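Just so we're aligned, residue 0 is where the sequence shown starts under numbering that gives the first Met the number 0, counting upward by one.
Backbone N, C-alpha and C define an ideal beta-carbon position, used for all residues, glycine too.
This one's a predicted model, so the numbers in the text were calculated from it and none came from an experiment.
Reading through the structure tokens given below for one structure.
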Amino acid sequence: MTIRLDKFLSTQTSLTRSEIKKLLSKNKILLDGKPIRDGSLKIDTKLSEIVLDGKKIAYREKVYMILNKPQGYVCATEDKKEKTIMELLDEKDRRKDIFPAGRLDKDTVGMVFITNDGELSHKILSPKSHIPKYYIVKLAETFKNEYIQKFKQGIEIDGGEVCLPAVVKPFEADENTALLEICEGKFHQVKRMFAAVENKVVKLQRIQMGSLEIPVKLGAGEYMEIMHKDVEKLLKQPCFEVVYSRIVQNFSSYWINKQSEVCENNDLNRC
């Protein structure tokens with residue numbers, strides 16, 4: 000595929016067009032070993048070698064990443080008041096065309112999928128696709144078995160909204176903790192669902208989307224790029240009981256693992 004040099008750089012990096020122009024004027028951009036000043040020059044994304052300020056820039060049309068979101072960050076590409084999850088990415092990965100496919104609240108931790116694939120993002124987020132998202136929920140009060148049927152029927156939350164049927168099951172080892180499966184993403188939905196049954200969520204962690212689970216080894220604030228075979232797992236619907244059994248077996252790893260702990264002062268270096 001051929002593309003303008005300046006467009007290539009603007010999609011593959013976080014640089015603005017004006018910043019690219021300045022780098023071109025200072026001979027900071029090399030095409031096949033030679034300095035280039037003309038950003039309109041067409042390049043071959045597969046054959047051309049682009050070096051930006053000493054670093055080779057490889058072309059990637061689609062990007063898929065999993066990030067383990069810590070507390071204190073918002074799921075947005077930019078925010079004037081809050082820290083965003085994009086600040087957790089290395090400079091080389093901060094492309095302007097990537098975005099979080101779905102959101103987690105500022106104080107919710109766990110799996111966030113980041114991509115530039117708008118079509119895939121729509122499939123994941125559309126309630127019509129019924130792509131399940133799994134959460135470990137820590138409650139203020141003891142889990143009651145009546146929640147199971149109420150969530151299954153589609154619970155009504157504040158404002159009169161009725162949620163799609165959800166699956167929830169308590170952990171035998173911890174009466175205040177449960178695994179929840181939902182297929183939509185209303186504003187503060189999990190918190191509002193449990194508030195509707197007169198309980199309160201004190202900690203919330205997303206650990207899986209579709210059949211793609213977050214690796215236990217992925218620490219708070221860390222991220223990783225995933226392959227296409229893993230991306231396909233996002234669109235697969237697993238059996239709840241299978242997910243539940245695995246989560247229960249690895250409960251301490253998900254919930255207690257120091258890599259996944261959230262520091263109260265949000266200082267990742269001290270986690």
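Pick helix, strand or coil for Q204, following the three-state DSSP scheme. Counting from one through the sequence shown, the residue named residue 204 turns up at place 205. In this structure, Q204 counts as strand in the three-state DSSP scheme.
Going by the CB atoms, is the gap between T176 and V241 shorter than 8 Å? The residue labelled residue 241 in the question sits at position 242 within the sequence shown. The residue labelled residue 176 in the question sits at position 177 within the sequence shown. No, the Cβ-Cβ distance between V241 and T176 is not below 8 Å.
Helix, strand or coil at L4 [DSSP, three-state]: Mapped onto the sequence shown, residue 4 falls at position 5. Helix at L4.
So M192 is in the alpha helix (DSSP H); what residue range does that whole segment cover? In the sequence shown, counting from the first residue as 1, residue 192 sits at position 193. Start and end: Q188 to A194.
May I have the straight-line CA-CA distance separating I84 from K185, to the nearest angstrom? In the sequence shown, counting from the first residue as 1, residue 84 sits at position 85. In the sequence shown, counting from the first residue as 1, residue 185 sits at position 186. Rounded to the nearest angstrom, the two C-alpha atoms are 20 Å apart.
How about I94 and S17: do their beta carbons lie closer than 8 Å? Locating residue 94 in the sequence shown gives position 95, counting from the first residue. Locating residue 17 in the sequence shown gives position 18, counting from the first residue. Residue identity differs from the one stated: residue 94 is Arg in this sequence, not Ile. No, the pair does not count as a contact, with Cβ atoms beyond the cut-off.
With burial defined as no fewer than 16 other Cβ atoms inside 10 Å of the residue's Cβ, what is the status of S9: buried or exposed? To locate residue 9, count along the sequence shown from 1; it is residue 10. S9 should be labelled buried.
Beta strand (DSSP E) segment containing D173, residue limits: Taking the sequence shown and counting its residues from 1, one reaches residue 173 at position 174. Start and end: D173 to I181.
In this structure, does DSSP put D92 in helix, strand or coil? Position 93 of the sequence shown holds residue 92. Here D92 sits in helix by DSSP.
Close-in-space but distant-in-sequence residues of the same chain around Q236 (CB under 8 Å, 5 per side omitted): Sequence index remark: in the sequence shown, residue 236 carries index 237 (1-based). For Q236, where only same-chain residues beyond five positions count, the Cβ hits under 8 Å are H129, I130, P131, G209 and S210.
Which runs of the beta strand (DSSP E) at least 3 residues long sit entirely within the segment 4-88? Give them in chain order. 28-30, 41-43, 49-51, 54-56 and 63-68
Measure the CB-CB distance between L178 and Y243 and report whether it falls below 8 Å. Taking the sequence shown and counting its residues from 1, one reaches residue 178 at position 179. Taking the sequence shown and counting its residues from 1, one reaches residue 243 at position 244. Closer than 8 Å, so yes.
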